[in-house]
Amino acid sequence: MLDNNKVFMFSTVHNWLDTRILKKEYITLVNAGFEVSLFAVEDKKFNDISLYCKNNSCIKLFKQEEKKISRIKRWKTVYRAAIESNAKYYHFHDPELLYVAAKIKRKKKDAVIIYDMHELFPAYLKTKEWIPKYFRNILSWITEKIEKYFMKKCDGVIFAEKSYKKYYQKLKLASVDILNYPILDTNIINLDNQKKRKYNQRKNLIYVGDVTEDRNTLGMVHLVKQLEDLGVQVNLKIIGPNNLNREIQTQVNDFVNEHKLNEKIQFLGRLPYEEIWSHLREADLGLCMLLPIPNYTQSMATKIYEYMAIGLPVIASDFPLWRKLLCGEKQAGIVINPLNIKEASIKIGDLLLNQEKLETLSNNGTYLIKNEFNWQIEGNKLLMFYKSFY
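Heads up, the sequence shown is in our numbering, so the first residue is 399 and it goes up one at a time.
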């Protein structure tokens, strides 16, 4: 007999500290009275799960091994654990687990299988440099067919972006859009009592997210130099796991050393969720200058909402969705061409010298988060989606 009050949540790819998985969905379900078992990958530094294991909910961590064979071991481990569980809900976060989910459904006919789609995986494959160019389109096409076949074995799908569902309408699955809006945790963010920012001569820029080539890490480093050349003094903090390939990492290091930017640019790596907000409070602008690839142009970056929540004016790539959000009636930032850093630096430099505009953008951002874009709304949608399967 499956227990309607139990959830088996699993990922063999994501770090257990992933904000969407842990801070948003896991905690929302636990606080609503569900008993949640979460399987995810350990972090390199922070693995104290005790804070999150309460009321019969628990977290199990996979070792962070590099070998491909370890992924297969994880699939087997999570499958065995799922079969032993008497949970009603099996909520997974990786496309590679679709086959495992189908096997669980075969064994447990009454189980509710929920696929949480974080990205358009077939489109993502088209951007990967490690895949030969001539093979990317056909691999993407094959992957899409396989993904849709196994999704038919699921009971529901959660889309992290509204734009995703148009590609899956023919599947006729129960679905819901649950977007990555920020958590209004008054211990971290107090929208009614944001401190008045001190706009000093040297401005503080910040980026939070994966450190990769397509997130424009090299472009952000060049931006610091361009702004300095314009007479605008800045510091830059880059927070997030470093996944740069060796070639781009070398280019970044060489550029920083050549132009003596070591004291102006900090790579802080992955930090605990709460600690990130302390760095955001000290910043003047939040950067989201991602390169124009399909997965980015068709989705909203979580970091944009987080910048707005803390009152940071946003510098974002000029993608239609991002322009609509940031440059509407309540303007909360500006958009730039991420491929033209020199042009972008002029727009950003002008903004940094305009304190009145900075304060307006800051106030507009927090207003929008408080009234329209927050996790309380999305968390309620998650609970209603679960209840629809009672």
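Glycine residues also receive a C-beta, built at the ideal position from the N, C-alpha and C atoms.
All figures in this text were calculated on a predicted structure; none of them were measured in a lab.
DSSP-derived helix/strand/coil call for residue i
i: GLY667; result: strand
i: ASN655; result: helix
i: LEU683; result: strand
i: ALA509; result: coil
i: HIS516; result: coil
i: LYS728; result: coil
i: ASN591; result: Unreliable positioning characterises ASN591 in this predicted model, as indicated by a pLDDT of 48, which lies under 50. A coordinate reading is not provided.
i: ASP581; result: Here residue 581 is Ile; the residue named in the question, Asp, does not match the sequence. Note: ILE581 maps to coil in three-state DSSP.
i: HIS491; result: coil
i: GLU433; result: strand
i: ASN761; result: helix
i: ASN640; result: strand
i: ASN772; result: coil
i: SER409; result: strand
i: LYS486; result: strand
i: ALA438; result: strand
i: ILE540; result: helix
i: SER786; result: coil
i: ILE744; result: helix
i: LYS452; result: coil
i: SER676; result: helix
Test item: CB-CB of residue i and residue j under 8 Å
i: ASN778; j: LEU582; result: no
i: PHE787; j: VAL428; result: no
i: THR426; j: LEU750; result: no
i: LYS546; j: LEU569; result: yes
i: SER409; j: ASP492; result: yes
i: LEU512; j: ILE556; result: Residue identity differs from the one stated: residue 512 is Ile in this sequence, not Leu. Yes, these two residues count as a Cβ contact at 8 Å.
i: LEU621; j: ILE739; result: yes
i: ASN602; j: GLU704; result: no
i: ILE376; j: TYR579; result: The structure shown has nothing for residue 376, since the chain only spans 399 to 788.
i: ALA707; j: THR764; result: yes
i: LEU719; j: MET698; result: yes
i: ASP682; j: LEU756; result: yes
i: LEU537; j: GLY554; result: no
i: LEU496; j: PHE533; result: no
i: PHE460; j: ARG472; result: yes
7 Å Cβ shell around residue i - same chain, five flanking residues per side excluded
i: PHE444; result: LEU415, PRO670
i: GLY613; result: This sequence places Arg at residue 613; Gly is not what is there. Only GLY607, LEU688 meet the Cβ criterion.
i: ASN641; result: ASP608, VAL609, THR610
Close beta carbons around residue i, own chain, < 6 Å, minus the five adjacent residues each side
i: ASN591; result: With a pLDDT of only 48 at ASN591, under the threshold of 50, the placement of this residue in the model should not be trusted, and no figure is reported.
i: SER715; result: MET687, LEU688, PRO736
i: ASN413; result: VAL439, ASP441
i: PHE519; result: PRO493
i: THR525; result: ILE691
i: PHE783; result: VAL574
Residues of its chain near residue i, where Cβ-Cβ distance is below 8 Å and the 5 sequence neighbours each way are ignored
i: GLN649; result: LEU616
i: GLN462; result: VAL439, GLU440, ASP441, LYS442
i: VAL619; result: LEU634, VAL650, PHE653, VAL654, LEU659, ILE663
i: LYS701; result: TYR605, VAL606, GLY607, GLY684, CYS686
i: ASN769; result: none
Beta carbon proximity, residue i to chain D, threshold 8 Å
i: MET618; result: Given the protein chain composition of this structure (a single chain), no chain D is represented.
Beta-carbon separation (whole angstroms), residue i vs residue j, contact threshold 8 Å
i: VAL712; j: GLY684; result: 5 Å
i: SER435; j: MET407; result: 7 Å
i: ASN625; j: ILE734; result: Here residue 625 turns out to be Leu, not Asn, going by the sequence shown. 12 Å between Cβ atoms; not a contact.
i: TYR477; j: LYS507; result: Incorrect: roughly 16 Å between the Cβ atoms, too far for contact.
i: GLY709; j: SER760; result: 4 Å
i: GLU482; j: ASN453; result: Their Cβ separation, rounded to whole angstroms, is 20 Å, which puts GLU482 and ASN453 out of contact at 8 Å.
Classification of residue i by the beta-carbon crowding that lies within 10 angstroms, buried from 16 upward
i: ARG644; result: exposed
i: SER448; result: exposed
i: GLY731; result: buried
i: SER396; result: A question about residue 396 goes unanswered here, because the residues of the chain that appear run from 399 up to 788.
i: ASP627; result: exposed
i: GLN696; result: buried
i: LYS593; result: Confidence at LYS593 is low in this model, with a pLDDT of 48, below 50, so the placement of that residue should be treated as unreliable; the coordinate-derived value is given next. LYS593 comes out exposed.
i: ASP401; result: exposed
i: ASP748; result: exposed
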